[in-house]
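Just so you know, we're using my numbering here: the sequence shown kicks off at 24 and counts up by one. Report on the following structure.
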Amino acid sequence: MIKKYVYGNPFPTDAVVKDIEKAEDKMPFFETDGYGGFTYNLAENDIVYGLGEQIRGINKRGWQYISWNYDNPNHHEDTHSLYGAHNFIIISGKSTFGVFFDYAGKIEFDIGYTQRSIMHIKAAKNDLAVYIITGKNEKDIVRQFRNIIGRSYIPPLWAFGYGQSRWGYKDEQDIRNVAKEYKSAGIPLDSIYLDIDYMERYKDFTVDKERFPDLEKLVQDMKSQGIHLVPIIDAGVKIEEGYDVYEEGVQHNYFCKNADGEDFVGAVWPGRVHFPDFLQPEARKWFGSKYSVLTDMGIEGFWNDMNEPAIFYTEDRLADTCAEIEKLTSGNMGINEYLTFTGMVAGLNGNIGDYDKFYHNVNGEMVKHSEVHNLYGMNMTRSAFEALQEICPEKRTLFFSRSSYIGAHRYGGIWQGDNKSWWSHILQSMQQLPALNMAGFLFTGSDTGGFGCDTTEDLMLRWLQYSLFTPLFRNHSADGTRRQELYRFDNVKAAAEMIKIRYSLIPYLYSEFLKSAMNDEMMFKPLAFDFPDDNMAKQVEDQLLLGNELMIAPIYKQNAQGRYVYLPEEMMLARMKSRNDYQTEILPKGHHYVDVSLDELVFFIRSKKAVPFDKTDESTSKADIHSLELLGYPDSSYELYSDNGYSPEPEDSLTVSTLYCAE
Ligand code: GLC
24 MIKKYVYGNP FPTDAVVKDI EKAEDKMPFF ETDGYGGFTY NLAENDIVYG LGEQIRGINK
84 RGWQYISWNY DNPNHHEDTH SLYGAHNFII ISGKSTFGVF FDYAGKIEFD IGYTQRSIMH
144 IKAAKNDLAV YIITGKNEKD IVRQFRNIIG RSYIPPLWAF GYGQSRWGYK DEQDIRNVAK
204 EYKSAGIPLD SIYLDIDYME RYKDFTVDKE RFPDLEKLVQ DMKSQGIHLV PIIDAGVKIE
264 EGYDVYEEGV QHNYFCKNAD GEDFVGAVWP GRVHFPDFLQ PEARKWFGSK YSVLTDMGIE
324 GFWNDMNEPA IFYTEDRLAD TCAEIEKLTS GNMGINEYLT FTGMVAGLNG NIGDYDKFYH
384 NVNGEMVKHS EVHNLYGMNM TRSAFEALQE ICPEKRTLFF SRSSYIGAHR YGGIWQGDNK
444 SWWSHILQSM QQLPALNMAG FLFTGSDTGG FGCDTTEDLM LRWLQYSLFT PLFRNHSADG
504 TRRQELYRFD NVKAAAEMIK IRYSLIPYLY SEFLKSAMND EMMFKPLAFD FPDDNMAKQV
564 EDQLLLGNEL MIAPIYKQNA QGRYVYLPEE MMLARMKSRN DYQTEILPKG HHYVDVSLDE
624 LVFFIRSKKA VPFDKTDEST SKADIHSLEL LGYPDSSYEL YSDNGYSPEP EDSLTVSTLY
684 CAE
C-alpha cells in the first residue's frame with residue numbers, strides 16, 4: 024500500500040507517474056516538525072537500505088548523507104553528496120516500510136549519525152511530498168515503488184558489450200588505433216567513447232574538423248567492425264558569437280537567467296557558458312533536437328555529463344576571490360591568511376552559493392535553481408530521450424547521464440560518476456548497485472579500472488572480474504593518468520578471457536535486465552532480500568545476488584589471493600580462467616574461504632539453478648541464443664527473456680523460452 028503525504032507546496036518533480044491521492048491522516052512512523060524535518064526512532068537491529076548513488080555501505084546506518092547533486096571526483100568515506108539524488112529508503116526491522124521524500128532541493132538524511140538510534144531527515148523547505156510504502160517484504164515494497172515511478176529505461180542490446188573510453192583520445196587516429204589494438208589482442212569490443220576532445224573547443228554538437236575530418240566515415244568504418252562510437256554531450260553551452268546553439272538559446276530565452284533577467288554565466292570546460300533551462304519544455308525540445316547533428320552521422324548512443332550542473336567558477340566569485348587573494352598575499356601570509364587563501368580557491372568549484380544566483384522559467388514564474396537543483400540532470404537526459412524518440416522512433420538509443428533524480432531512470436542509465444583507481448572504489452560501486460536498482464536505475468556501472476589516479480594491472484583485472492557483471496561495462500580514465508586500455512598490460516590474455524566471459528554471460532545479463540525492467544524487480548539485491556530470516560545474510564556488505572540465479576563476491580583488496588564468502592544456502596561455485604576452461608564445485612551453506620588467483624573469475628550459481636552461457640559470442644551483433652548452453656545444476660531450467668535488442672518496446676519482439684540443463 025502506498026500513501027502520499029503532502030507538505031506545503033511541493034515543486035512537481037515528475038518522479039512519480041501514477042496518480043496517488045493525498046492522504047489526510049497523520050503520517051505513520053515519523054514525527055514531523057512542520058519545518059521539513061522528519062524523525063524516526065531506529066531499533067538496534069533496524070537496517071536502512073537505499074539512497075541510490077551514495078557513499079558507504081549497503082546498510083546506510085551511521086552517516087549523514089546529503090542529496091545535493093555534486094561533481095565530486097575526489098569522493099571517499101567522508102563525503103556527503105555525489106552525482107545523483109535518490110531519496111528512497113527502506114527501513115527493515117522492527118517495522119519494515121519504504122519511504123520516498125520527493126523533494127527537488129537539498130535534503131539531508133542523518134541516519135543514526137548524530138544519535139545512533141535516531142534517523143532525522145530534513146528538507147531545506149517544508150514543501151515536499153512523502154510517500155510511505157508498506158508491503159509483504161522489501162522486494163514487494165520496491166516493486167510497488169517502481170510501479171509508481173514508471174518503467175526503467177532499456178538500452179539497445181549492443182550497450183551490454185564491452186566499451187573502451189578515455190578522456191584524451193585526441194583525434195581520429197587515436198580512435199582507429201584503439202580499435203586496431205583491441206582487434207590484434209583478440210579482445211572483443213562493442214563501443215568506443217568519444218570524450219570532449221572530439222568537439223570544436225568543447226562546444227556541444229560540433230566536431231573538430233582538423234582532428235576528426237570525417238566523423239561520419241569514422242562512424243561507418245567502426246560500425247563495419249561492430250564498434251559503436253558514443254560521444255559525450257555536456258550541459259554548458261559555450262558563449263561564442265556565431266555558434267548556433269548559443270545564438271538560438273539566447274534568442275529564444277532557453278538559458279537560465281540571473282535575478283536581473285540576463286543569461287546566467289558559469290564556467291566549465293569551454294570557459295564561459297550558459298546553462299540550458301531544461302525545466303522549460305520548449306528548451307528541452309530545442310536542445311534535444313540538436314542531437315540529430317550526430318545521429319545523422321550514424322551515432323546511436325550518447326553520455327550526458329557535467330549536468331549537476333557542475334560549475335568551475337562564476338565570474339563574480341572569481342573576481343571577489345582574486346581581489347581577496349591580492350589582499351591576502353600583499354603582506355606576510357600567516358597560517359590564517361594561508362588557510363583562507365587555499366579555502367577560497369578550493370571553494371570556487373561547485374560553490375553552493377552560486378546555485379542561488381540563477382533561475383528557471385517555469386510557466387512564466389522564476390524559480391530559484393537551488394530549490395530545484397536535483398532535477399537538472401534528469402531533465403537534460405529527458406530532453407535527449409524525448410527528442411530521439413522522434414528523430415529515430417524505430418530503435419532505442421543509448422543514453423546515460425552523470426547526474427540524476429528518481430524519474431531519470433525512465434530516460435536513460437547513469438554511470439557512477441568519477442571514481443579513482445582505488446581498491447575501495449570497486450566495493451563502493453558494488454554497494455551502490457542494489458540501492459540504484461531500488462530507485463529504478465538498472466543500466467549502470469562504474470568507470471572500470473578507475474577514472475582518476477593511476478591504475479595497476481592487478482586492480483584492472485579484479486575490477487574487470489566485478490564489472491563484467493554490471494549492465495554498463497566501460498573502461499574509462501582521465502587525461503593524464505596511466506593508460507589503461509587492456510592491450511597495454513602484460514597479462515593481456517587474462518584480461519581478454521574476462522571480456523570473453525562477459526560476452527558468454529550477456530544472454531543471462533540481458534534476460535535478467537529485461538525481467539527486472541518489465542516486472543519492476545531488482546537485478547542486484549542484497550542477500551537479505553532473498554534470505555530475510557538469515558541474520559548473517561543481513562550483515563553481508565560485499566556480496567550481491569545477481570538476478571535469481573547468481574551470487575557475486577568480487578575481490579576488492581590488493582594482493583588478496585582469495586576471500587571469505589558467506590553462502591546463505593548451498594551453491595555451486597564456478598571457477599573460470601576462460602569460458603572453455605572452468606570447474607564447478609558444490610559448497611554447503613555457511614562460511615568458506617575461496618582461493619581466487621588473479622587471472623580467475625569466481626562466482627556462485629544458486630541452488631538448483633542454471634544460467635545460459637554462450638561459449639562463442641564475441642560481439643553483441645552476432646549473439647545467437649540458439650548456441651546457448653546451460654551452466655549450473657543438472658536437471659534445472661532457466662526462463663530466458665530475449666528480444667531483437669532494438670525495438671523501443673521490448674514487448675514488440677519479446678520471446679520467453681525455457682532452457683533445460685541436461686543431466
Ligand atoms: C567529467 C566526467 C568524465 C569526463 C571528463 C571530461 O569529469 O565525469 O567522465 O571524462 O569530465 O569530459
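Don't be surprised by glycine CBs; every beta carbon is placed ideally from N, CA and C.
Alpha-carbon to alpha-carbon, residue j and residue i
i, j, result
"Asp237", "Asp319", "13 Å"
"Lys548", "Ile210", "30 Å"
"Ala517", "Asp481", "11 Å"
"Leu568", "Arg166", "17 Å"
"Asp622", "Tyr314", "41 Å"
"Asn374", "Cys476", "24 Å"
"Thr137", "Glu67", "15 Å"
"Phe61", "Asp48", "16 Å"
"Ala127", "Leu624", "42 Å"
"Asp553", "Pro591", "9 Å"
"Asp220", "Ala458", "33 Å"
"Glu44", "Ala38", "15 Å"
"Asp69", "Leu654", "37 Å"
"Tyr661", "Pro635", "7 Å"
"Ala540", "Ile358", "55 Å"
"Ser659", "Glu572", "11 Å"
Pick from the options that is closest to residue i, judged by C-alpha positions
i, options, result
"Asp300", "Phe120, Ala208, Ile112 and Glu271", "Glu271"
"Leu317", "Leu302, Tyr336, Lys380 and Thr229", "Thr229"
"Tyr589", "Thr607, Pro611, Lys632 and Tyr269", "Pro611"
"Gly289", "Ala258, Glu264 and Ser312", "Ala258"
"Leu180", "Glu593, Glu323, Ser650 and Thr404", "Glu323"
"Ile718", "Ala540, Thr467, Trp309 and Asp339", "Lying outside 24 to 686, the shown extent of the chain, residue 718 is not represented and no answer is given."
"Lys538", "Ser175, Arg525 and Leu351", "Ser175"
"Asp150", "Tyr30, Phe335, Gly570 and Gln412", "Tyr30"
"Tyr58", "Phe111, Ile524 and Ala147", "Ala147"
"Ala576", "Val395, Val268 and Ser452", "Ser452"
Residue i (DSSP reduced to helix, strand or coil)
i, result
"Lys443", "strand"
"Trp438", "strand"
"Glu347", "helix"
"Phe61", "strand"
"Met222", "coil"
"Val40", "coil"
"His396", "helix"
"Phe53", "coil"
"Thr607", "strand"
"Met329", "coil"
"Asn460", "helix"
"Tyr664", "strand"
Residues of its chain near residue i, where Cβ-Cβ distance is below 6 Å and the 5 sequence neighbours each way are ignored
i, result
"Arg485", "Ile578"
"Ser534", "Leu663 and Tyr664"
"Ser312", "Ala410"
"Gly158", "Ile164 and Gln167"
"Gly107", "Gly75, Glu76 and Ser427"
"Glu204", "Tyr510"
"Lys26", "Ala46 and Ile155"
"Ile113", "Tyr72, Gly73, Gly121, Glu161 and Ile164"
Within 8 Å, strictly: CB atoms of residue i and residue j
i, j, result
"Met545", "Tyr72", "no"
"Gly436", "Phe464", "yes"
"Ile81", "Val122", "no"
"Tyr216", "His499", "yes"
"Ser665", "Thr678", "yes"
"Lys232", "Pro293", "no"
"Gly135", "Arg84", "yes"
"Ile250", "Ser214", "yes"
"Arg419", "Pro254", "no"
"Val368", "Ala333", "no"
"Arg340", "Leu371", "yes"
"Phe423", "Leu495", "yes"
"Ser630", "Glu593", "yes"
"Gln584", "Val619", "yes"
Same chain only: Cβ atoms within 8 Å of residue i, ignoring 5 sequence neighbours per side
i, result
"Gly503", "Gly191"
"Ser104", "Tyr88, Ile89, Ser90, Trp91, Asn92, Tyr93 and Asn95"
"Gly321", "Glu239, Val242, Gln243 and Lys246"
"Glu508", "Gln187, Arg189, Val201, Glu204, Tyr205 and Asn498"
Own chain residues within Cβ distance below 7 Å of residue i, not counting five before or after
i, result
"Val385", "Leu302"
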